[in-house]
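S.K.: Residue numbers (this note's numbering): 5 to 343. Here a beta-carbon is modelled for each residue, glycine too, at the ideal position from N, C-alpha and C.
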Amino acid sequence: MSEIGKLKLALFRDKLDSIIKLCQGEKEYDEMYPISVELSLTNDCNLKCAWCCDTTVRQKHPGHADKEILFDLFRDLQDGGTKGITIEGGGEPTMHPDFEEIIKKIRDHNMAVGLFTNGVQHEKVLSNIDSFEWVRVSLDADNPNTFKEHKGFDGFEIVMKNIERLAEKKGNVVLGVGYVATRYTMGNIEDVIERLRDMGVNYFYIRPVEDNPEYSSRNDMEWLKQYSTNDFEVIVNYYGRVKGGNANLPCMCHSISVVITADASVYMCGRLHIHPDHKPVGNLKNQSFNEIWNNKNRILQTKTLTEIDFTKKNCPVCRITKYNEFVDEIVRTKTINFI
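1. If you follow the alpha helix (DSSP H) that F293 is part of, which residue opens it and which one closes it?
2. Compute the Euclidean distance between the alpha carbons of T186 and D195, then round it to the nearest angstrom.
3. For a test of the three-state rule: what should DSSP assign to A14, helix, strand or coil?
4. To the nearest angstrom, how far is the alpha carbon of E105 from that of E333?
5. Taking the alpha carbon of G204 as the point to measure from, which residue in D146, K229, V178, D224 has its own alpha carbon closest?
6. So G84 is in the alpha helix (DSSP H); what residue range does that whole segment cover?
7. Per DSSP, what are the beta-bridge partners of A212 in this structure?
8. Identify, in the order they occur along the chain, each residue of the same chain with its Cβ nearer than 6 Å to the Cβ of H282, setting aside the five sequence neighbours on each side.
9. According to DSSP, is A251 part of a helix, a strand, or is it coil?
10. Taking the DSSP output, what are the residues bridged to L130?
11. Work out the CA separation of Y207 and Y231 for me, nearest whole Å.
12. Determine the DSSP secondary structure at K326, reduced to helix, strand or coil.
13. Quick check on the DSSP output: what are the complete alpha helix (DSSP H) runs of length 4 or more inside the stretch 90-157, in order along the chain?
14. Taking buried to mean at least 16 other C-beta atoms within 10 Å of its own C-beta, is R140 buried or exposed?
15. Please determine if the stretch 88-108 and the stretch 119-129 are in contact, where contact requires at least 3 C-beta pairs separated by less than 8 Å.
16. Is it the case that the stretch 128-138 contacts the stretch 149-162, given that we only count it when at least three CB pairs across the two stretches are under 8 Å?
17. Return the residue from the list Q125, V285, R211 that minimises the CA-CA distance to K165.
18. DSSP state of N234, grouped into three classes?
19. How many whole angstroms separate the CB atoms of C319 and G248, which I take to be in contact at a CB cut-off of 8 Å?
20. Sort C53, A69, S44 by Cα distance to I89 and report the nearest one.
21. Going along the chain, which residues of its own chain have a beta-carbon closer than 7 Å to the beta-carbon of L74, five neighbours each way excluded?
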């Protein structure tokens, strides 16, 4: 089973059953808490990636998440059955001044922690490596010049060295490297993959750039899987990340995750939240997560996201699409008493 594959949803049988009941019209909305939460700790960043889709959000809402609000959130999520919290952008998570305290507090509430980082400030990650279930470092460049030109910092070898240090100390932590494929970053890709494999990285995840067509690469990347071994997987998520309109399906699986931004806003969708007409369903400064999860705004957005006309017209490329395809295949099955 792939670390990012659609079959992972089958590991959460109660959640899957709840979504199927929503598909079959047996409930108005999926009241079960999200499996995991995507949490932005800060809108500050120490890089300037040319293709970043969060730049506008960061400019509108600079600063860090309030740790006291987060601590209340963690208690609520634990009580509701959420399994994990992904620490990610807006900005670079390690730039939050209370990064280490926040990570510890999540673990104190018995939830798993995953981390997306650009790998520049590795000491905060390295000193807390045992607190994470997984860490993915965003590399996105195949040589020093490309890194500097498109990420605004002369840091290719710095990040590569930091990845090596993390690999040496990771123990059972799953360490991945993320790679946004653009027309500028494929020339030395094989050398990069082999170097990462030799370091002891667990997987290399490559996907196309989103929302910035001028950087898009149309290369067929399936051939890179030849570098996979028993201990190292090359995950190519190309065709699954160029399919807009939610594959002409309603988004029945939107509730498997939720996005909480650094200003404490709660969004039902991690891809539509950057658009001004897709409002948050609440803010943790004014309500608890439980109150937001069951309020009228959330229920109304469920109705919107599960309307096929809306998703076909408005949904950009999205990682949730594959889960919707998986559930759609299940609910369309008629001969349910046979294999």
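M.R.: Based on what the coordinates show:
1. 293-297
2. 16 Å
3. Note: A14 maps to helix in three-state DSSP.
4. 42 Å
5. V178
6. Residues 71-84.
7. Looking at the sequence provided, one finds Pro at residue 212 rather than Ala. Answer by DSSP bridge pairing, in chain order: A185.
8. L276
9. helix
10. Answer by DSSP bridge pairing: none, since L130 is not bridged.
11. 10 Å
12. helix
13. Listed in chain order, the complete alpha helix (DSSP H) runs (minimum 4 residues) inside the stretch 90-157 are 103-112, 126-130, 148-155.
14. buried
15. yes
16. no
17. When each option's Cα is compared against that of K165, the closest is Q125.
18. coil
19. 6 Å
20. S44
21. Shown here for L74: same chain residues with a beta carbon closer than 7 Å to its own, the five before and five after excluded, namely I106 in chain order.
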